[in-house]
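Okay, so here's the structure we're looking at.
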Amino acid sequence: MANNDPLFGLSGDALKLRSQRMSLLASNIANAATPNYKARDFDFQKALAAAQSGTSVDTAANQAAGYRVPLETSLDGNTVELSTEQTLFAENAVQYKTTLSFLQGRVSTLMTALKGE
Numbered sequence: 000m001a002n003n004d005p006l007f008g009l010s011g012d013a014l015k016l017r018s019q020r021m022s023l024l025a026s027n028i029a030n031a032a033t034p035n036y037k038a039r040d041f042d043f044q045k046a047l048a049a050a051q052s053g054t055s056v057d058t059a060a061n062q063a064a065g066y067r068v069p070l071e072t073s074l075d076g077n078t079v080e081l082s083t084e085q086t087l088f089a090e091n092a093v094q095y096k097t098t099l100s101f102l103q104g105r106v107s108t109l110m111t112a113l114k115g116e
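Okay, so the sequence shown: first residue is 0 according to numbering that gives the first Met the number 0, each after it adds one.
Quick look at the structure:
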């Protein structure tokens, strides 16, 4: 279900989706030498919009997922392009950390308010 928590809201869903995307990209990197492995990814914005409209985060990620089309074909049928996967992984990691920092700031603000400081 969509995250209706006023404290975390959109950021909570975003963090979950970033985590799932990181796992998917890591799997692509780990299988770079596996014959016939097909690289997968998902459209983060599409998945986030679906999650916010009431779809579970897992379902939203699956619905937005697809196979990556390689720029060059390989002889063994593997569609992983290591440089592309590493770049996308690094970008997603930065976005994950940014979302996590934002959530940590919200929690810190709430803790300060609760302490009455």
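Idealized CB from N, CA, C, for every residue including glycine.
- TYR66: not part of any alpha helix (DSSP H); member of the beta strand (DSSP E) spanning 64 to 66, first to last residue.
- Note on ALA32: under 16 other CB atoms within 10 angstroms of its CB, so exposed under the neighbour-count rule.
- Within the model, the alpha-carbon separation for THR72 versus GLY104 is close to 45 Å.
- Cα atoms of ARG39 and THR78: separation of roughly 9 Å, rounded to the nearest angstrom.
- Counting along the chain, GLU90 sits inside the alpha helix (DSSP H) bounded by residues 81 to 114.
- In the three-state reduction of the DSSP assignment, ASP40 falls in the strand class.
- Of the candidates ALA50, LEU81 and SER26, ALA50 places its Cα closest to the Cα of LEU14.
- The DSSP-derived three-state label of LEU70 is coil.
- The straight-line gap separating the alpha-carbon atoms of LEU70 and LYS37 is approximately 13 Å.
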